[in-house]
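For reference, the structure is listed below as C-alpha cells.
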C-alpha cells in the first residue's frame, strides 16, 4: 500500500470512526455522568430546533423560487437574450444509463423528451445499456423502432462487462456511452463547447421546458463551462400510487434537495443533472469505479478547476419513480437500501480529501471548509436520529434515583417534548408544501387519497426511526471496514392506473 | 452576493444569535438556575412537579392559588419548605409540606384525588354470605350459606348462574376456595372439608356429589388447592397434610407443627407452602423460622420437605 492509498484509507475510516465515536461517547457519558449527558442532549436538541427552523425557512425560499420560475417561458427568454445568443446551436446530449429497467419505464422517460418544447433537432439521445443484460439488445431494437426518427440522433450503446479498472457502476456505463457520444460528435463536427450533457436516471421524466431552461442558464451564467446545472428531483411518476411510507420519504428527499439549492456554497450535484460536455471530457468523464458518480463528477470538476466550479440550481423539476414494492416491509427494505446507496456518497470524502491535499492551488480555506462541510453533513446524518431518539432517554433510564431527583432530569423530557412539538409545526409547513409539488390526481385514484396524503405525515417519526440515521451509519461502517458497496439499482414498481 | 443569499446570510446569523443567546438561558433553566436581572446573578432554585388523577385541580402554594392547574411544574423556587394544597371540586383535597432543594425536583406525581361521592353499587341480586372474584375469567363466585347455593355472575353483576350446591355442614364453613380449573370448590370448618363440584356445562343439572373429609383430633386452620385441582393442602393446628379431594381419601401427614395456628401462604404458581414454625433453641427462647414446603409435581420427589418432620 503506497502513501496515497494509506491516506485514502485513513479518510475512509474517518467518517465512520467519528460517527461511532460520538454515539459511543454519548452512551459512555450517560453511564458515567448522566448530568453531563443530559446537558449535551439539551444542547443538541436546541441546536436541532434552530437548525430545523432555519432549514424550513430555506425550504420556503426555495419553494418560492420554484413557484416563481414555473411560469417563465424559457424558449421565449432564450429568444430575448441580450446580447442575442444563438441558442439554437446548443445541443443537448441525454444519456440514460440502463440496466434491467423495464421497457415501459424507458418508454415513459423517452416520451417526456418527445414532449419537450426544445427543438428535437438539437437533442441527441443515448440509451446506454449494459451488455451483460440479455434483454439489452431486444429493448434497444424496440426503442429504436419507436424513437429513432424523433431526435437529431438516437443511439444505443452496450457497455461491455468487466473492463479493466472498472466496477459494475452506473458511472462506468455512462462513461462508456459518453465516449461513444464523443466519437459521434466528432463525426458530425459538433463542437463540445456547444453540447450540454444530461445524465439521467432511467426513470427520469423531464419537464417540457427543461432543456430551454437549461440552455438559458447555460447561456447566461458566467464561466458557464465551470458549472453543473441541477434541476429539482421530484418523485412524481408514481407518487399517487406509492404507499404512504415511500411517499413521505421521497417528498422529504425532494425537500432536502430544494433546501440545498439555496445553500449555493454547499450545493453538490445529485441524481439527474446536466453539465458542459467539454467539461466532462476535460475532467475525464465520470468515475468508473465509484457508486456515487452523480456527486463525484462535481468534485472531479471542482478539483480540476482549482475550486472554481459551482452548481447552478435550476428551479424546474425532473420527475422520477418513488421507490416502493409490493408489501410494506419490502418497501421499507427498498427505501433503506436506496438511502444507504445515497449515504454511500460518503465515499466522496476520501476522494476530495486526497484531491485537496494534492491540489494546492485551491485556497486552503476553501479546501478545509468544503471538506468539513461534506464530513459534517455525513456525520450529522449518521448520528442525529440516534442521539434524538435512542440516546435522548438514556440519562433518565440509567440515571438512577439520584439523577431522577435533579431538576435537569425533570426538564430533559420537557425539552424533548418541546422539540417534538416544534417538529410538528415544521412538519405542517412540509405538509402544505408537499401538496403544492404534487402532480394532478390521476383518474382512478380516489379523492380520499388527498386526506390520506395529509394524515400520513404522522408516520414521520417511524420514518425517522427506520431511515433517519441507520442507512448512513451502515454505509460509513462499511467504508470504515473496507466492505465496499456494489452498485445495485433500486428496482422500482410502477402501477398503471 | 444576490438578494437571496443576503437574506440567507441574515437568517443564518439570526439562527446563530438565537442559539448563542438562547442556549445559556435554556441550560441554566434546565439546571435550575434563575437569573436575577437586578443583581445580575444566578440563583440555584428547585422545582415541584405535580401530577394528579384526575387532572385539572387547583394548586395552592403556601396558601396562594397558582395560575396553572395540575399537571403543573412550580419552577424557580428558592430552597425551603413549602405548603402545597391541591383542590378539585367534589373531591377530597390533598395537602402536604414539601422540601425543595437547590437544583432538585420534588415530585408529587402519585396524587389521587378521591371523589367525595365514590362510585359504589350493589352487585349481587340474591342472598350472599361469601364471594370470590376470579380476575382471570372475569367472574364473581357467590356463596349463599342459608340456601347452600354457589352461583356466579360477571364483574358487572350480570349473567347470574347457579353452578353448585353444598350439603349442610355444621358448623357453617369458615372459608371456601375455588379450584384452579374452576370445576370444584372447597369449603371447610374446623373439623370438616367439603368439596363440591361446580361444573359449568350448559344446561347441566346442579351437581350434588359433594366429598366430605373429616378431620378429627385437630382443627383446620386453612386449606389450599394444589395446582392440579385434585389435591388439597390442609394446614391444621398441629400438622400440614395433603389429601386427595375424593371420598374416603386418607390424609398424608407432611409436617408436624410445633406452633399452633401458624400463619401460612400457598403459592399456587410454584405449588409451595410457606409457613412459620417454632424451634426450640437449647438454653434460649424458642425461635420462629419461615419454611417452604415444595409440592411441585415436576420437582421430584413430589413432596420435597425443607423442614424435617419432628419424628425423623
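Protein chains in written order, with the numbering used here: chain V, 56 to 552; chain L, 486 to 797. Built from N, CA and C at the ideal position, the CB exists for glycine as well.
Inset, instruction - Following the continuous beta strand (DSSP E) through residue 330 of chain V, name the residue where it begins and the one where it ends. - result: Residues 328-331.
Inset, instruction - Just the C-alpha distance for residue 696 of chain L and residue 732 of chain L, rounded to the nearest angstrom, thanks. - result: Their Cα atoms are separated by approximately 5 Å.
Legend entry - Interface partners of residue 504 of chain L on chain V, CB under 8 Å: Per Cβ cutoff of 8 Å: 101, 102, 105.
Inset, instruction - Following the continuous alpha helix (DSSP H) through residue 443 of chain V, name the residue where it begins and the one where it ends. - result: Taken as a continuous stretch (DSSP letters only), residue 443 of chain V belongs to no alpha helix (DSSP H), as it is neither H nor E.
Legend entry - 7 Å CB neighbourhood of residue 532 of chain V in its chain, flanking five on each side removed: Excluding positions up to five away in sequence, the list reads 71.
Legend entry - Proximal residues of chain L, C-beta to C-beta of residue 113 of chain V below 8 Å: Near residue 113 of chain V (Cβ distances below 8 Å), the residues of chain L are 493, 496.
Inset, instruction - Measure the C-alpha to C-alpha separation of residue 67 of chain V and residue 228 of chain V and round it to an integer number of angstroms. - result: Residue 67 of chain V and residue 228 of chain V: Cα-Cα distance of roughly 25 Å.
Legend entry - Where residue 285 of chain V sits in the DSSP three-state scheme: Residue state, collapsed to three classes: strand.
Legend entry - Sequence-distant residues of its chain with Cβ nearer than 8 Å to residue 612 of chain L (five each side left out): Contacts found: 629, 631, 632.
Legend entry - Contacts that residue 428 of chain V makes with chain L (C-beta to C-beta distance below 9 Å): Listed along chain L is no residue with a C-beta nearer than 9 Å to that of residue 428 of chain V; the closest approach is about 13 Å.
Legend entry - Length of the line joining the Cα atoms of residue 537 of chain V and residue 128 of chain V: Distance between the alpha carbons of residue 537 of chain V and residue 128 of chain V is about 49 Å.
Inset, instruction - Take residue 407 of chain V and list the residues in its own chain whose beta-carbon comes closer than 8 Å to its own, dropping the five residues that flank it on each side. - result: Correct list, in chain order: 354, 357, 358, 425, 426, 429.
Legend entry - Top-ranked residue by Cα proximity to residue 534 of chain L, from L/747, L/591, L/716, L/649: Residue 534 of chain L has its Cα closest to that of L/591, out of L/747, L/591, L/716, L/649.
Inset, instruction - Identify, in the order they occur along the chain, each residue of the same chain with its Cβ nearer than 6 Å to the Cβ of residue 588 of chain L, setting aside the five sequence neighbours on each side. - result: Excluding sequence neighbours, residue 588 of chain L sits near 517, 529.
Inset, instruction - For chain L, find out if any of its Cβ atoms is closer than 9 Å to the Cβ of residue 127 of chain V; answer yes or no. - result: By this cut-off, residue 127 of chain V is not an interface position.
Inset, instruction - Apply the 10 Å Cβ neighbour rule to residue 23 of chain V and answer buried if 16 or more other Cβ atoms are within range, or exposed otherwise. - result: This structure gives no information on residue 23 of chain V, because the portion of chain V shown stretches from 56 to 552.
Inset, instruction - Would you mind sorting residue 183 of chain V into buried or exposed? The rule is 16 or more other CB atoms within 10 Å of its CB. - result: Buried is the call here.
Inset, instruction - State the Cα-Cα distance for the pair residue 656 of chain L and residue 645 of chain L, rounded to the nearest angstrom. - result: Their backbone Cα atoms lie some 28 Å apart in a straight line.
Inset, instruction - Give the DSSP bridge partners of residue 749 of chain L, in chain order. - result: Answer is L/760, bridged to residue 749 of chain L.
Inset, instruction - Sort V/374, V/274, V/470 by Cα distance to residue 138 of chain V and report the nearest one. - result: If you compare the alpha carbons of V/374, V/274, V/470 with that of residue 138 of chain V, the shortest gap goes to V/274.
Legend entry - Proximity of residue 218 of chain V and residue 343 of chain V at Cβ, strictly below 9 Å: A distance below 9 Å separates the beta carbons of residue 218 of chain V and residue 343 of chain V.
Inset, instruction - Could you tell me whether any Cβ in chain V is nearer than 9 Å to the Cβ of residue 569 of chain L? - result: It does not; no Cβ of chain V falls within 9 Å.
Legend entry - Segment limits, beta strand (DSSP E) that includes residue 699 of chain L: Element bounds for residue 699 of chain L: 696-699.
Inset, instruction - Go ahead and label residue 750 of chain L buried or exposed: buried means 16 or more other beta carbons lie within 10 angstroms of its beta carbon, across all protein chains shown. - result: Exposed.
Inset, instruction - Whole angstroms is fine: what's the gap from residue 489 of chain V's alpha carbon to residue 285 of chain V's? - result: Spanning the two alpha carbons is a distance of roughly 20 Å.
Legend entry - Candidates V/461, V/506, V/508, V/380: closest to residue 91 of chain V by CA position: It is V/461 whose Cα lies nearest to the Cα of residue 91 of chain V.
Legend entry - Candidates L/624, L/546, L/653: closest to residue 643 of chain L by CA position: Nearest of L/624, L/546, L/653 to residue 643 of chain L, Cα basis: L/624.
Inset, instruction - Please say whether residue 371 of chain V and residue 287 of chain V have beta carbons closer to each other than 9 Å? - result: Residue 287 of chain V is a Cβ neighbour of residue 371 of chain V, given a cutoff of 9 Å.
Inset, instruction - Spell out whether any CB of chain L is found under 9 Å from the CB atom of residue 469 of chain V. - result: Chain L contact via Cβ: present.
Inset, instruction - Measure the C-alpha to C-alpha separation of residue 602 of chain L and residue 574 of chain L and round it to an integer number of angstroms. - result: Between residue 602 of chain L and residue 574 of chain L, the C-alpha separation is close to 11 Å.
Inset, instruction - Verify the CB distance criterion: does residue 592 of chain L have a CB-CB separation below 9 Å to chain V? - result: At least one CB atom of chain V sits nearer than 9 Å to the CB of residue 592 of chain L.
Inset, instruction - Using beta-carbon positions only, say whether residue 672 of chain L and residue 681 of chain L come within less than 9 Å of one another. - result: Cβ distance < 9 Å, so residue 672 of chain L and residue 681 of chain L count as in contact.
Inset, instruction - Could you give the DSSP three-state label for residue 588 of chain L: helix, strand or coil? - result: In the structure shown, residue 588 of chain L sits in coil (DSSP, three-state: anything other than H, G, I, E or B).
Inset, instruction - For residue 295 of chain V, name the three-state secondary structure that DSSP assigns. - result: If DSSP states are grouped into helix, strand and coil, residue 295 of chain V belongs with coil.
Legend entry - Start-to-end residues for the beta strand (DSSP E) that takes in residue 558 of chain L: In the DSSP assignment, residue 558 of chain L falls within the unbroken beta strand (DSSP E) covering 557-562.
Inset, instruction - With DSSP collapsed to three states, give me the class of residue 194 of chain V. - result: Secondary structure of residue 194 of chain V (DSSP, three-state): helix.
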